[in-house]
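Following: one structure in structure tokens, then a few remarks.
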Amino acid sequence: TFNTSFDVVEQLAKKVTGPGKISDKFNRITNSTVEVGLYEQNRDGMQIAPHQIQGSLVVPKGLEKTTNLKITADDGSCIIGQSKECLVSESTKVKDVDYKIVKVAGMNYKVTYSGFDKVLEKFSITPEIVDDVIPDSTWTIKMDKPASSAKLYYEIVYKQIQ
185 TFNTSFDVVE
195 QLAKKVTGPG
205 KISDKFNRIT
215 NSTVEVGLYE
225 QNRDGMQIAP
235 HQIQGSLVVP
245 KGLEKTTNLK
255 ITADDGSCII
265 GQSKECLVSE
275 STKVKDVDYK
285 IVKVAGMNYK
295 VTYSGFDKVL
305 EKFSITPEIV
315 DDVIPDSTWT
325 IKMDKPASSA
335 KLYYEIVYKQ
345 IQ
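Residues in the sequence shown are numbered consecutively from 185, following our numbering.
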């Protein structure tokens, strides 16, 4: 017989390995709720993972005060929205800083948000560490009090991983 010991450690996060960048764009969405799958995949023999989600909500003039974005992670965390429990609820552009660092499911993200009350509401969510990727998850983008002519546009940017 023999004895052995080992340390249990957390699995290392996947890291970006190359300059390869692929994106999926989704345009003119009128659904009030959209499920966004953020998953590692293999495309053309290249292993890729989501590195950024960015987008915008275009609302007809006069409805910008009532139709707004709400972005929720699959653990239930409200990342962007107008309610108090949301990690970002107003513009992140303050003085010399364009983003806010928030923690979602144990990972830090840089969130850029234009704020509500705008005809064009823009957002971007990226891991704080440049070489990190968004872990496999499904996030939800919801239009609060959607206007029939409001349009959601979003893009998932993938990077090559090891």
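Idealized CB from N, CA, C, for every residue including glycine.
Cut-off 7 Å between Cβ atoms - residues of its own chain near residue i, not counting five sequence neighbours on either side
| i | result |
| --- | --- |
| Lys350 | This structure gives no information on residue 350, because the portion of the chain shown stretches from 185 to 346. |
| Ser333 | Pro244 |
For residue i, three-class secondary structure by DSSP
| i | result |
| --- | --- |
| Glu274 | coil |
| Ile340 | strand |
| Ser267 | coil |
| Gln225 | strand |
| Asp316 | strand |
| Gln346 | coil |
| Lys302 | coil |
| Thr217 | strand |
| Val243 | coil |
| Asp208 | strand |
Through-space distance from residue j to residue i, alpha-carbon basis
| i | j | result |
| --- | --- | --- |
| Gly299 | Leu253 | 9 Å |
| Cys270 | Ser261 | 7 Å |
| Gly290 | Asp259 | 11 Å |
| Ile345 | Ile232 | 5 Å |
| Phe210 | Val314 | 24 Å |
| Gly246 | Val281 | 29 Å |
| Asn215 | Gly239 | 15 Å |
| Ala331 | Thr217 | 12 Å |
| Gly221 | Val278 | 31 Å |
Sequence-distant residues of its chain with Cβ nearer than 6 Å to residue i (five each side left out)
| i | result |
| --- | --- |
| Lys160 | Because the chain is modelled from 185 through 346, residue 160 falls outside the range shown and cannot be assessed. |
| Ser273 | Gln266 |
| Asn292 | Ile285, Glu312 |
| Leu196 | Any answer about Leu196 is weak, because its pLDDT of 48 lies below 50 and its placement is not dependable; what the coordinates show is given next. Same-chain partners within the cutoff: there are none. |
Per DSSP, cross-strand counterpart(s) of residue i
| i | result |
| --- | --- |
| Asp328 | Asn252 |
| Tyr297 | Phe307 |
| Asn292 | Lys287 |
Proximity of residue i and residue j at Cβ, strictly below 9 Å
| i | j | result |
| --- | --- | --- |
| Val341 | Pro244 | no |
| Glu305 | Leu241 | yes |
| Trp323 | Thr256 | yes |
| Ser308 | Gln236 | yes |
| Ile264 | Tyr297 | yes |
| Lys205 | Lys343 | yes |
| Lys335 | Arg227 | no |
Neighbour flag for residue i against chain B, beta carbons, 9 Å
| i | result |
| --- | --- |
| Val243 | Looking at the structure shown, chain B is missing, and only one protein chain is on hand. |
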